[in-house]
Structure formats: C-alpha cells, structure tokens
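Q:
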Amino acid sequence: MEVRNYETVFILTPVLNESQVQETVEKFTQVLKENSADIIHQESWGLKKLAYPIQKKSTGYYFLVEFTGSGNIVDKLETSFRRDERVIRFLTTVLDKHAVAYSQRRRNGEMNQQKAKQQSEAVAQ
C-alpha cells in the first residue's frame with residue numbers, strides 16, 4: 363500500500379487531570395506505532411474554548427499529531443477514538459505535498475518569523 367502523510371486533531375474532555383491527558387495521548391500514539399506509522403510531529407494546543415458546546419462541555423484539550431502510514435491505519439486510529447469516551451471530537455486529513463511543505467515550515471517557525479518581521483517594519487515606519 364501507498365504511504366501517505368496524515369494529520370489528526372482530536373479534542374479530549376476537559377474533566378481530565380494532566381496525567382490522564384498524557385496517558386490518553388500516549389495511548390493513541392501507541393496505536394499508531396503498533397500499526398507501523400511514523401509519527402512526525404505532536405503538538406499540545408492546550409485547553410481551549412469550543413466554538414459550540416459538545417456533550418455539555420464548552421472547553422477541551424486540543425492535540426495535533428502528524429504521521430505517515432498506509433491507508434488502513436486511519437481506520438484503526440479512528441476506531442480507537444470512537445471507543446474512548448475521553449475523546450469528544452476528532453478529524454483526520456490526508457496531506458498533499460503543499461500541506462506537507464506548509465506543516466514543515468510551521469514546525470520550523472518560519473511563519474512566526476515573517477509575521478514578526480512585518481510587525482517590526484511597521485513599527486519602524
């Protein structure tokens with residue numbers, strides 16, 4: 363099967379403590395590793411307000427995981443998301459070559475450097 367780049371964002375319920383959150387994230391990264399996925403990058407976006415209430419909750423812990431793997435890995439990952447009651451939402455997308463390049467630039471901090479440079483030039487004028 364063809365190896366593709368994927369990005370998944372999932373939201374955990376806000377009633378968890380820090381150790382439970384880390385345990386849950388580790389569980390899903392382990393699912394990926396067991397199914398021969400290569401995890402490229404992980405980010406914790408922290409506790410954020412939801413756009414609308416989900417399961418009577420207005421906040422949630424956001425996480426981003428970028429990985430490569432074959433097509434059947436997404437089914438296995440999403441099945442584990444659905445079985446875990448701590449996950450209130452998830453979204454997995456396939457990244458094309460432009461999205462992969464954008465993600466790499468974002469990880470390297472190039473996006474923030476350009477914005478900071480524009481702001482410093484505006485202040486200098």
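Here the numbering used here runs 362 ahead of the position in the sequence shown, where the first position is 1.
Note that the Cβ used here is the ideal one computed from N, Cα and C, for glycine as well.
Quick caveat: nothing in here was measured; it's all calculated off a predicted structure.
Distance, Cα to Cα, residue 433 vs residue 395?
A: Answer to the nearest angstrom: the Cα atoms are 14 Å apart.
Q: Among 364, 371, 382, which has the Cα closest to the Cα of residue 448?
A: The residue with the shortest Cα to Cα distance from residue 448 is 382.
Q: Our contact map puts residue 371 next to residue 457 with C-beta atoms below 8 Å; I'd like the distance itself, whole angstroms only.
A: Actually they are not in contact, since the Cβ atoms of residue 371 and residue 457 sit about 12 Å apart, beyond 8 Å.
Q: Check each candidate in 410, 390, 380, 467 and name the one with the smallest Cα separation from residue 437.
A: Comparing Cα positions, the closest option is 390.
Q: I need the boundaries of the alpha helix (DSSP H) containing residue 439, first residue and last residue.
A: It spans 434–445 - the alpha helix (DSSP H) in which residue 439 sits, taken as one unbroken run.
Q: Could you tell me the distance, in whole angstroms, from the CA atom of residue 379 to the CA atom of residue 482?
A: Distance between the alpha carbons of residue 379 and residue 482: 40 Å.
Q: Around the C-beta of residue 401, are 16 or more other C-beta atoms found within 10 angstroms, so that it is buried, or is it exposed?
A: Classification for residue 401: exposed.
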